[in-house]
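Protein sequence lines, in the order shown, are assigned to chains H and D. Take any residue in the first sequence, note its place counting from 1, add 1042, and you have its number in my numbering. Take any residue in the second sequence, note its place counting from 1, add 9, and you have its number in my numbering. By construction, the Cβ of each residue, glycine as well, lies at the ideal position given by its N, Cα and C atoms.
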Amino acid sequence: MSLSWLILVVLAIAAMGYVMGRARALKSAGGDSRALHSLPVYYGTNVAMWAIVPAFAVLLVWLLAQPIFVNSRVLASLSDITVADGSSMGLVMSDVRRVADGLDVAVQQGAMTVDAARTLTTEDTDIRELLGGVGVALGSSVSPDVLRGAQTYRQLTGIGSVVMTALVLIIALGGAAFAYARSDADFRARNVVEKGILVLLVSAASIAVLTTIGILFALLFNTIEFFRLYPAADFFFGTKWAPSFSGRGGASDLGVLPLLWGTFYISFIALLVAVPVGLFSAIYLSEYASPRVRSIAKPLIEILAGIPTIVYGLFALLTVGPILVSMFGKDTLGWMSGGTAVMTAGLVMGIMLIPFVSSLSDDIINAVPQAMRDGSYGLGATQSETIRQVILPAALPGIVGAILLAASRAIGETMIVVLGAGAAARLSLNPFEAMTTITAKIVSQLTGDADFASPEALVAFALGMTLFVLTLGLNIFALYIVRKYREQYD
Amino acid sequence: MTDASMNDAALPKSGLSVTDARTRKRNAAEKRFRAYGIAAISVGLLFLLFLFGSILKSGIPAFTQTVVDVEFTMTQEAVDEAESKMLKTKAYENYFIAALEAQLAERGMDVAFDAKAIQRIVGKTGGTIRSHFQDNPDAIGQPVSFELAASSRVDGYFNGRVTRETLVDSRFLQLSDLDLVDALAEAGIIHGAFNWNFITGKDSGVDNPGGAGLGASVIGSFFMMLVVLFLSLPIGVAASIYLEEFAPKNRFTDLIEVNISNLAAVPSIVFGILGLAVFIQFAGLPQSAPLVGGLVLTLMTLPTIIISTRASLAAVPPSIRDAALGVGASKMQSVFHHVLPLAMPGILTGTIIGLAQALGETAPLLLIGMVGFVAREYPDGFMAGFTDANSAMPAQIYTWASRADPGFYEKAWGGIIILLLFLITMNTIAVILRRRFERRW
Chain H
1043 MSLSWLILVV
1053 LAIAAMGYVM
1063 GRARALKSAG
1073 GDSRALHSLP
1083 VYYGTNVAMW
1093 AIVPAFAVLL
1103 VWLLAQPIFV
1113 NSRVLASLSD
1123 ITVADGSSMG
1133 LVMSDVRRVA
1143 DGLDVAVQQG
1153 AMTVDAARTL
1163 TTEDTDIREL
1173 LGGVGVALGS
1183 SVSPDVLRGA
1193 QTYRQLTGIG
1203 SVVMTALVLI
1213 IALGGAAFAY
1223 ARSDADFRAR
1233 NVVEKGILVL
1243 LVSAASIAVL
1253 TTIGILFALL
1263 FNTIEFFRLY
1273 PAADFFFGTK
1283 WAPSFSGRGG
1293 ASDLGVLPLL
1303 WGTFYISFIA
1313 LLVAVPVGLF
1323 SAIYLSEYAS
1333 PRVRSIAKPL
1343 IEILAGIPTI
1353 VYGLFALLTV
1363 GPILVSMFGK
1373 DTLGWMSGGT
1383 AVMTAGLVMG
1393 IMLIPFVSSL
1403 SDDIINAVPQ
1413 AMRDGSYGLG
1423 ATQSETIRQV
1433 ILPAALPGIV
1443 GAILLAASRA
1453 IGETMIVVLG
1463 AGAAARLSLN
1473 PFEAMTTITA
1483 KIVSQLTGDA
1493 DFASPEALVA
1503 FALGMTLFVL
1513 TLGLNIFALY
1523 IVRKYREQYD
Chain D
10 MTDASMNDAA
20 LPKSGLSVTD
30 ARTRKRNAAE
40 KRFRAYGIAA
50 ISVGLLFLLF
60 LFGSILKSGI
70 PAFTQTVVDV
80 EFTMTQEAVD
90 EAESKMLKTK
100 AYENYFIAAL
110 EAQLAERGMD
120 VAFDAKAIQR
130 IVGKTGGTIR
140 SHFQDNPDAI
150 GQPVSFELAA
160 SSRVDGYFNG
170 RVTRETLVDS
180 RFLQLSDLDL
190 VDALAEAGII
200 HGAFNWNFIT
210 GKDSGVDNPG
220 GAGLGASVIG
230 SFFMMLVVLF
240 LSLPIGVAAS
250 IYLEEFAPKN
260 RFTDLIEVNI
270 SNLAAVPSIV
280 FGILGLAVFI
290 QFAGLPQSAP
300 LVGGLVLTLM
310 TLPTIIISTR
320 ASLAAVPPSI
330 RDAALGVGAS
340 KMQSVFHHVL
350 PLAMPGILTG
360 TIIGLAQALG
370 ETAPLLLIGM
380 VGFVAREYPD
390 GFMAGFTDAN
400 SAMPAQIYTW
410 ASRADPGFYE
420 KAWGGIIILL
430 LFLITMNTIA
440 VILRRRFERR
450 W
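Given below as C-alpha cells:
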C-alpha cells in the first residue's frame, strides 16, 4: 500500500470513528444531548483524534527511522568487501540505492518478475544493460556486492513498509476503538479533547526549538568532522584560500581570513551606502514630510525590501558591474578589471539595505516622546537643531541597534555576492577588485562534485558555523541595545 | 522724513524683523538639513526607478521571439519522394528553401543564399516539417504556414544585442547572413511574435537560449508553495495561539520566544545547510525535489508567520475573550470560536506575505540541488510533482544568469519580470485583504 493510500485509510477510519463515537454518546444519553457532559461534537472529535494522532506520530517516526536502519544493515552486509580506492561507503551506498530503485522500476514495467529481481546474479545477467533498457542509466557496471546489497535493501524496505502499514492501521483502529468504548454520557469528552489540542499546540510551538537544534547539530557534527581532517588553527588563522579542485588528494589551503575580510569589506561598503541614505530618509519622513508625502514615499522605499535577492544579484552582475567598469575600467581610470568586484556587490547590497535601515530608524525616531521636541522648540531651537541635538542623541542606541541588524543582514546575504562579488579570495584594500565572502564559498563548496566526506566539502559547514555565530552574536547584541533603550521611555 | 530717518537709526541689530548673520547661518543650516533628507529619499526612489527600468528594458525582449514565417504546400508526390530518400529531413529542408526562394522572388527580391545560411538563421528545419506532416497527414496537399523560431543570434540582431559591428563570423552566424535576414525582414517573412514558449516551456540546452522557457520551474515553485502553505499555516497558527493565549510565563516559553526571534534573523543560506544535512543526508529525501525545498522554506517562513499571527491575535480586544468566557465557553472555545475568526484576515495577510518571501528565496535552494538540476521535464503527475527533481523560478533564473551565452541573460531578466508579477499579485491580494477586512477596535 502506498503512503498516500495509507494516510487516506487512516483519515477514513477517523471520519468513521467521528460519526460512530458521536452516535454512541448520544444513544447512551437516550438521544437527548442535554444529558451529555459535553457537546456531541466533542465525543466524535475525541474518537477521531485517538485514531489520527498516535497513528501519524508512529508513521512519522517510522519513516525517519527506516532508511537509517536499512542503510546500517546493508552497510553491515557489505562491510567485508574492500571499498575501491577513491571511493567511499557513501558512494557505494548510493550505487546500491540506484540499483534497487532500478530493479523496482524494472519490476513495475514488467521487464522482470518479482522473483527474478530477488534472485538475479551478476554472472548470468548484465544488470546495467537490463536497467538501461527500462530507462535507468547506471554510471558503471554493477559489482556482485552492490547487487547483493541492492537485493538486501529491497527486501528490508519491502518488509519494513508492510510492517509499518500493519502497525499504523492497528494503532489507528485500536485508538479509535479505545476512545469509542469510552464514549458515554458521563465521559468528560471536552476536557480530553481540549487537553489533546493543547498538546498539539505546544508541539507546534516546539518546532522553532527543534529547528534551532537541527541547525546546531547539522553544523556542529560536520564542523567537528572537518576539524578532524583539517587543523582548526589553519582554518581560523590561515591567510590563503585555495581548495584543490579534485576533491581528493592534493593539499588545500582553507584559511577563513580572506573570506572574512571580503565579507566585512563588502558589508562595510553596503552600510556606507545604506546608513546615510536610510537614516536621512527616516528623519525626513518622520520629522518633515507631510502625511501625504509620507504615505507615498514610505511604501515606495519599502518596495526595495520586498524584491527578491536574486533580482539584486542579477542587477549587480549585468547592470551595475558594467556601469562601474565603464567609469573606473581600463578605458578611463584603470582601477577595475572586471564587472564583479567588492564595489559592485557593496553598492547593490547597500540599495537592498536602505529600507531596512530607514523603517527601523523611523520606528525608533517616532518612539522619542513628543515632549522632548516641544521642550526644544520652546527654547528656540530650529527643527534641524532639535533633531541633531535632542532627537538623534535620544534615539542613538536604537539607531545603532538598527545598523547592527542591517550589518548582520549584509553578512548573511548570499545571492548578491555569489553573482556580483567574484570568486577569487584575496586580502586586498582595493574595492574595485573581485573578492569573495563566506556565503559565496559555502555555495561553491557544496554545489560542486566534491565528495561530502572530503575537507573541501566539509569546510562549508565550518564556514556556516562561523556565519551562524557571527550573525547570531550581532543580533543578540543589537536586540540587547534596542531593549535597553526602550526601557528609558516606556 | 525725519521720523523715518530716526527710526532707521534706532533699529536694533537683531530682532523679529531683521535677520542677523547668526540667524541666517542657522536658517541656512536648517535648509541644508532638509535638503539632505529630500536628497536621501530621492536617491532611494531613483535606485528603485533605475532597478525597475533596467529590469523592464532588458527583460521585455525575452517575451518576443523572432520567427520565420513561410507558407508552402507539400504535395503527396513530394512527400513520397522525400520519404524515399536516404536523408529524409534534408529533402524536406530543400522543399522549404525552395518555397522561401519562391516567396522572395514573388516579392521581387533578389538575394543569393545557400542552405547553410538558412540553417544558421532558423536551425535545421527539415525535422520539424517532416514531423508536422507525419502528425497531420491531412495537411499534405494543403498550403501550410510554418512559423519557425529564428536562432538566438538572429533574435539578438532584432533586439539590438547583436549588431553588424560586434558580430564575429562563426558557425552560428556570419555577417553575410544579416543581408539575407534584412531582406527577409523587408519581405515580412521574418518578424517578431509573442514567445509563448518562454512562459510555458522547459529549459533548453546550454547552447540554445532561444528555446529556454520558465514553465517547468513555475510548476516546481508551485509545488514548493503548496508544501509551504499546508505546513507553515497550521503550524504557525498553532504555535502563535499557544504562545499568545495559553503559554504560562516560564523558562520553556521564554526559550521558544528567543528561538523564534533568532530564527527570523538566521541567514537563509544556513537553512539551506540544514536542509542538505538533515533532510537529504540524514533522512534520505530525494535531492532537488520540491518537497525538500518546501520543507526548508517552511522552516524559514515560520518565524514570519508566527510574528504576524501573534500581532493579529493580540489586536483582538480582551473584551471578546471575556464575553465568551462569561457565557460559559471554555478557554479553548473562546479562542477557536471567537478570537481566531476575528484575527483571520491579519493571519492570511501575514501568510501571503510570508509565501511571497519564500517564493523569491534562492540561496537555500542552491544547496539542496535545485540549481544543478535543469528543468527539462514536467512532473508526471500530482504526487510526482513533489518528489520528482525540478527547479524553481529563482533557481532557474540563477542558472540562466550563470551560463556563458549572453542570450540567457535576456531570459534571466524576463524570468525576473514573471517572478515579480507573481510577487506583485500576491502582495496586492494581501493589501486588498487587509483593506477589506481589517477591523479597528
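- Minimum Cα-Cα distance from residue 38 (chain D) among the listed residues H:1425, H:1442, H:1243, H:1440 corresponds to H:1425.
- Remark: C-beta atoms of residue 1055 (chain H) and residue 1208 (chain H) do not approach each other more closely than 8 Å.
- If you draw a straight line from the Cα of residue 168 (chain D) to the Cα of residue 1353 (chain H), it comes to about 22 Å.
- For the pair residue 398 (chain D) and residue 295 (chain D), the CB atoms are nearer than the 8 Å cut-off.
- Here DSSP, grouped into helix, strand and coil, assigns residue 1194 (chain H) to helix.
- Here residue 1317 (chain H) is actually not in contact with residue 1442 (chain H); their C-beta atoms are around 10 Å apart, not less than 8 Å.
- Of all alpha-carbon atoms in H:1335, H:1284, H:1248, the one lying nearest the alpha-carbon of residue 264 (chain D) is that of H:1248.
- Counting only Cβ-Cβ distances below 9 Å, residue 1095 (chain H) has no contacts in chain D at all, with the closest Cβ about 13 Å away.
- Any Cβ of chain D closer than 8 Å to the Cβ of residue 1109 (chain H) would place that residue at the interface, and such an atom is present.
- Here the C-alpha atom of residue 1351 (chain H) lies approximately 52 Å from the C-alpha atom of residue 83 (chain D).
- Proximity of the segment 1406-1421 of chain H to the segment 1353-1364 of chain H falls short of the contact definition, fewer than three beta-carbon pairs being nearer than 8 Å.
- Between residue 1232 (chain H) and chain D, the shortest Cβ-Cβ separation is below 8 Å.
- Per the DSSP secondary-structure output, residue 1283 (chain H) pairs in a beta bridge with H:1296.
- Neighbours of residue 1323 (chain H) in chain D, taken as residues whose beta carbon is under 9 Å from its own, are 46, 49, 50, 52, 53 in chain order.
- At a beta-carbon threshold of 9 Å, the residues of chain H lying near residue 292 (chain D) are 1105, 1106, 1109, 1110, ordered along the chain.
- Assigned with DSSP and collapsed to three states, residue 343 (chain D) falls in helix.
- Between residue 78 (chain D) and residue 154 (chain D) the beta-carbon gap is near 7 Å, inside 8 Å, which marks them as a contact.
- By the C-beta density criterion, residue 1212 (chain H) is exposed, having fewer than 16 other C-beta atoms within 10 angstroms.
- Annotation: residue 1427 (chain H) is outside any beta strand (DSSP E); the continuous alpha helix (DSSP H) that includes it extends over 1425-1428.
- Judged by beta-carbon spacing, residue 1392 (chain H) lies within the 8 Å limit of residue 1311 (chain H), meaning their Cβ atoms are closer than that value.
- Nearest CB-CB separation between residue 363 (chain D) and chain H: not below the 8 Å threshold.
- Of the candidates H:1199, H:1261, H:1403, the residue whose Cα lies closest to the Cα of residue 1139 (chain H) is H:1199.
- Only those residues of the segment 302-334 of chain D whose C-beta falls short of 8 Å from the nearest C-beta of chain H are listed: 308, 311, 312, 315.
- Against chain D, a Cβ distance below 9 Å from residue 1191 (chain H) picks out nothing, because the smallest value is about 15 Å.
- If you check each beta-carbon in the segment 1480-1504 of chain H against every beta-carbon of chain D, the ones closer than 8 Å belong to 1481, 1484, 1485, 1488, 1489, 1494, 1502, 1503.
- In the DSSP annotation of this structure, the continuous segment of the beta strand (DSSP E) that includes residue 73 (chain D) starts and ends at 73-82.
- Here residue 1242 (chain H) carries a helix assignment [DSSP, helix/strand/coil].
- Only those residues of the segment 264-279 of chain D whose C-beta falls short of 8 Å from the nearest C-beta of chain H are listed: 264, 265, 268, 269, 270, 271, 272, 274, 275, 276, 277, 278, 279.
- Beta-bridge analysis with DSSP links residue 152 (chain D) to D:82.
- Listed along chain D, the residues sitting closer than 8 Å to residue 1454 (chain H) by beta-carbon distance are 275, 276, 277, 278, 279.
- Here the segment 1226-1236 of chain H does not lie against the segment 260-276 of chain D, with fewer than 3 beta-carbon pairs under 8 Å apart.
- Residue nearest to residue 164 (chain D) within the set D:274, D:315, D:217, D:392 is D:217 (criterion: CA-CA distance).
- Close partners of residue 283 (chain D) in chain H (Cβ separation under 7 Å): 1256, 1257, 1260.
- By the rule that beta-carbons nearer than 8 Å mark a contact, residue 1425 (chain H) touches chain D.
- With respect to the 8 Å criterion, residue 1456 (chain H) and residue 278 (chain D) are classified as neighbours on the basis of their beta carbons.
- Closer than 8 Å to the CB of residue 155 (chain D) there is not a single CB belonging to chain H.
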